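A short write-up of the structure that comes next.
Chains as they are written, first to last, in our numbering: chain C, 1 to 156; chain D, 1 to 789.
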């Protein structure tokens, strides 16, 4: 089996994987980073969004082997160094931007990429950006509010 | 100033921290030592006779532990149904067996045929491709009208595919018929309430584990009600007594009804874990969820509303074909009957109501309760019909509703469909919604839309729901095979902190926060001193779970009763410590005092004394401070409200854009406004999804065409607006201790008719009178073209 090495949340990791192993499987099953979720099998729901080399990627749509040498960030790496919630995470809690929590890791990772590209997005821009992240609980209302609040806290 | 703790505070959710940091523990996040993986081979045809299943090659494939078919499960019972409806001819409903794995026939696409258990999921999946199926495809019956009129039989022993033919209330029929025959005006509407897929974002999953040293089974499962699963699976399917069966429902990623039911996969992994001597994990992929999770709605309904010359409602007559799918899911029979027929009075004083419901088997995935369950269907048929009636008789739809609202001073109000509304004020929520919607500016907005070539429409809907499910004696008389109380244990630990064990289950509702607020309010303590434990039959005394907006009204009431008992015992302990009479002791703000004196003992002292009872009234009390209550509600609760939606329709493309959506709800008292508003937002989006985008579609062969997120249009962030919601109109529930009604389903109940009414209003000038949901661009465009020609 091919071996892969990558940096995940700042730590070097490696493993042997079948060629067909998806990045999300490698994260969940080999690295036991179960914060990244699988909500569909057609790359639609966005529960599995992580960052690969700084950009949001659906981890169900990329092979682990294709990420050899990459730098990967997951929800487990989003808290502050002291363990407290990061700005976006805190904004989601403050604004009730999550209910069941299943889509949440993907929402936070997606929001982080948006705010990096566009520090002060309008409501319409946020809603458009979230096209690839499905939430069944919140009606998106408070997710939009959370991202706006995070943008404000980050000075956007 | 708003409170920052206790009842009425928007306390931030404590559960969020684990969800936001990737530390939630959903079923798929759990792995048992030496675990194997199950893959279910499912039917690709909607109806077929199984001649043979060849498993030898699969069994010999790499990594395969075992392959199972129905013959291996002889002796196991079928998946049971929890509600029996009686046909109007007095006979019980038809209740064909629902086997764990298909026996002799497959009856819907997705019906499980065989299971491969292997060392890895990939190996199980690969081996399943080696299973040789010899199945003769049979004609499938999909359309309900065809099903009851000589179509193919889903079950050979169920004539005309008719599960039951039910009426409510039979004694009303003659009077209803007479009133309709003699009425000044009768509005008739035929509509289809579209089939939906719940689509909780976490797919269903189950892990079976067996401890041979203790002969104990454990099932980890994505359930809204682990004790109900333990009862149904243990008693009816696998014959495992409760004390040898533990069911754990850990963090669950949404339910919306679809995770109430007992499913075949849960029974299989529980049974097979013992058979193979190793834990077995199964996780549905999304395609499997589409083919195996119980689906929702699917009612074909005719409504007739009779009015006098002033527009007063005289009588309502409805008939419905309700799709059961291929088998009866756990609560399927009660959805189109007792959760639907009993709600047909709506918010109105209609004196005469009769409905007939025929439940029909088809070669489709089973149908059961989905957010609202029967009540959205009732509300949609009433509110669409009222809108049509208003147009026909030339009365403003808001005025027509007001004219027929049950008067505010008429509560408690006995409806002609068995239920008694304890309290309500429908004019108040209408007033609030009208104010929020700025109707004064509507004509100007309509003109602005017209200037852009768009047609603007305004839609109003009022709703009532019966939730806080439900009085056991009542539902028992109506066919429920279970009681619908809730249980809670409150344990005060020796140093004064509190563990609450509740039978309610949180899968997004925020109980860990809300229930702690209730307890903290009652005990005058910090919310952080209260921990809420749920989702494990080994830790919780008992429970009926979470559905029907019942958790706070029923589960919360059980907690209140236990805390009341704790306080009562605490007073006796305190009285002993203060050498006072029990009846002279007061408890407030976490302190026990004696009236008229400066004597006081604090909460911590009483808690510690209960567990270190050196100075203790042993003659009157046992040590310890822990109480359990089972709360059985006296009535349903009846949340109600009014929703107003404004849309813009592009007549060239048929595209509907929601311009504003306001919701004014009466939920009784509210514990956490932030969470309540979040529940409404989510419900609104699901209702808007039903009305605007979602549709579960089978072709005439029974192939499920909408079996992925590529084909089933879940509402995305760009499909819904930000909402304006209000819950300040409060008529507290009169029969539970918190005065709460429940808020989980309201949004999904009230929003579909508001949206469709708005779209029809936008197009009424063109002659459009009705469009079935979803009001997708294609349908809207077609309706416009049909009206033109």
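We put the beta carbon where it would ideally sit given N, CA and C, even for glycine.
None of the values given here were measured: they were computed from a predicted structure.
Query	Result
C-alpha gap between residue 792 of chain D and residue 274 of chain D, whole angstroms	In the structure displayed, chain D extends from 1 to 789; residue 792 of chain D sits before or after that span and is not available.
At least 3 beta-carbon pairs within less than 8 Å: the stretch 567-586 of chain D vs the stretch 534-546 of chain D	no
Beta carbon proximity, residue 29 of chain D to chain C, threshold 8 Å	yes
From D:385, D:742 and D:622, residue whose alpha carbon lies closest to that of residue 672 of chain D	D:742
At least 3 beta-carbon pairs within less than 8 Å: the stretch 31-46 of chain C vs the stretch 697-708 of chain D	yes
CB contact below 8 Å: residue 723 of chain D versus chain C	yes
Residue 394 of chain D versus residue 459 of chain D: straight-line alpha-carbon distance, rounded	16 Å
8 Å CB neighbourhood of residue 86 of chain D in its chain, flanking five on each side removed	92, 93, 164, 166 and 479
Interfacial residues, the stretch 660-677 of chain D to chain C, with Cβ spacing under 9 Å	674, 675 and 677
Reduced DSSP category for residue 102 of chain C - H, G, I as helix; E, B as strand; rest coil	coil
Enclosing beta strand (DSSP E) for residue 226 of chain D [first to last residue]	Where residue 226 of chain D is concerned, there is no enclosing beta strand (DSSP E), although the alpha helix (DSSP H) it sits in stretches over 226-232.
Residue 735 of chain D versus residue 502 of chain D - alpha carbon distance	20 Å
Members of the stretch 691-710 of chain D that neighbour chain C once the beta carbon cut-off is set at 9 Å	708, 709 and 710
Buried/exposed call for residue 4 of chain D, threshold 16 Cβ in 10 Å	exposed
Completely contained alpha helix (DSSP H) runs for the stretch 742-780 of chain D, where each covers 4 or more residues	746-763
Proximal chain D residues relative to residue 165 of chain C, where beta-carbon distance stays under 7 Å	Since the first residue shown for chain C is 1 and the last is 156, residue 165 of chain C is missing from the structure and cannot be characterised.
Residue 400 of chain D, buried or exposed, once every other Cβ within 10 Å from all chains shown has been counted against 16	buried
With 16 other Cβ atoms within 10 Å as the buried cut-off, status of residue 119 of chain C	exposed
Per-residue DSSP class, three states only, for residue 270 of chain D	helix
Residue from D:789, D:261 and D:279 whose Cα sits closest to the Cα of residue 292 of chain D	D:261
Buried/exposed call for residue 117 of chain C, threshold 16 Cβ in 10 Å	exposed
Alpha-carbon spacing of residue 199 of chain D relative to residue 695 of chain D, whole angstroms	12 Å
Three-way DSSP call (helix, strand, coil) for residue 426 of chain D in this model	helix
When D:630, D:78 and D:24 are compared against residue 470 of chain D, the one with the closest alpha-carbon	D:630
Assigned secondary structure, residue 333 of chain D (DSSP; H/G/I helix, E/B strand, else coil)	helix
Proximity test, Cβ basis, 8 Å: residue 206 of chain D and chain C	no
Residue burial classification, residue 447 of chain D (beta-carbon count within 10 angstroms, cutoff 16)	exposed
Residue 385 of chain D versus residue 765 of chain D - alpha carbon distance	18 Å
Sheet register partners of residue 307 of chain D (DSSP bridge)	D:185 and D:313
For residue 740 of chain D, the nearest candidate out of D:652, D:467, D:378 and D:403 (CA to CA)	D:467
Per-residue DSSP class, three states only, for residue 95 of chain D	coil
Residues within the stretch 117-144 of chain C neighbouring chain D, beta-carbon criterion of under 9 Å	123, 124, 126, 127, 128, 129, 130, 131, 132, 133, 134, 135, 136, 137, 138, 139, 140, 141, 142, 143 and 144
Residue 437 of chain D and residue 257 of chain D closer than 8 Å at C-beta	no
Neighbour-count burial assignment, residue 16 of chain D, 16 or more Cβ in a 10 Å radius	buried
Member of D:229, D:787 and D:348 whose CA lies at the smallest distance from the CA of residue 769 of chain D	D:787
Sufficient close CB pairs (3 or more, under 8 Å) joining the stretch 51-63 of chain C to the stretch 82-92 of chain C	no
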